[in-house]
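Student: There's a structure below that I have some questions on.
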Amino acid sequence: MRRRIEVACTIDLESTHDHFHAHVDLDGVEVDPGDQVLVHNAPTHIPFGTQRTYASRATVQRASWLRRQFVKLTGGTELHELYDVGFEG
Numbered sequence: 010m011r012r013r014i015e016v017a018c019t020i021d022l023e024s025t026h027d028h029f030h031a032h033v034d035l036d037g038v039e040v041d042p043g044d045q046v047l048v049h050n051a052p053t054h055i056p057f058g059t060q061r062t063y064a065s066r067a068t069v070q071r072a073s074w075l076r077r078q079f080v081k082l083t084g085g086t087e088l089h090e091l092y093d094v095g096f097e098g
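Per the numbering used here: the sequence shown = residues 10 to 98.
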């Protein structure tokens, strides 16, 4: 059985000459292998040359024991999945 947890989070976005990143800090929750995180109401674009911080909410869906073990076993071979993010401009 998979559990879902709603948590507050902070979204840190930066689009400058020196940095281009999107970070999310979940308040009081640690993400484990196989867990899924959905950030709600995240902005999809910020103007170049800016850094913004937003308060939002996220849903963390906990992985089952079997899924967690599978991810631990195959995680090194599926590194490319970490890059499954998108920015629209």
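The beta-carbon is built from N, C-alpha and C at its ideal position, and this holds for glycine as well. Since the model is a prediction, treat every value here as computed from it, not as a measurement.
Helix, strand or coil: how does DSSP classify Thr83 here?
Tutor: If DSSP states are grouped into helix, strand and coil, Thr83 belongs with the helices.
Student: Could you have a look at Arg77 and say whether DSSP puts it in helix, strand or coil?
Tutor: Of the three classes helix, strand and coil, the one that applies to Arg77 here is helix, per DSSP.
Student: Do you know how far the Cα of Leu82 is from the Cα of Pro42?
Tutor: Using only the alpha carbons, I get a separation of about 10 Å.
Student: Please list the terminal residues of the continuous beta strand (DSSP E) segment that includes Ile20.
Tutor: Looking at the DSSP string, the run of the beta strand (DSSP E) that includes Ile20 is 13 to 24.
Student: Determine the DSSP secondary structure at Ala72, reduced to helix, strand or coil.
Tutor: The answer is coil: DSSP assigns Ala72 none of H, G, I, E or B.
Student: According to the neighbour-count rule (16 or more other Cβ atoms, all chains shown, within 10 Å of its Cβ), is Leu47 buried or exposed?
Tutor: Exposed, since its Cβ has fewer than 16 Cβ neighbours within 10 Å.
Student: With distance defined between alpha-carbon atoms, name the residue in Val40, Asp34, Gly58 nearest to Ala51.
Tutor: Cα-wise, what sits closest to Ala51 is Asp34.
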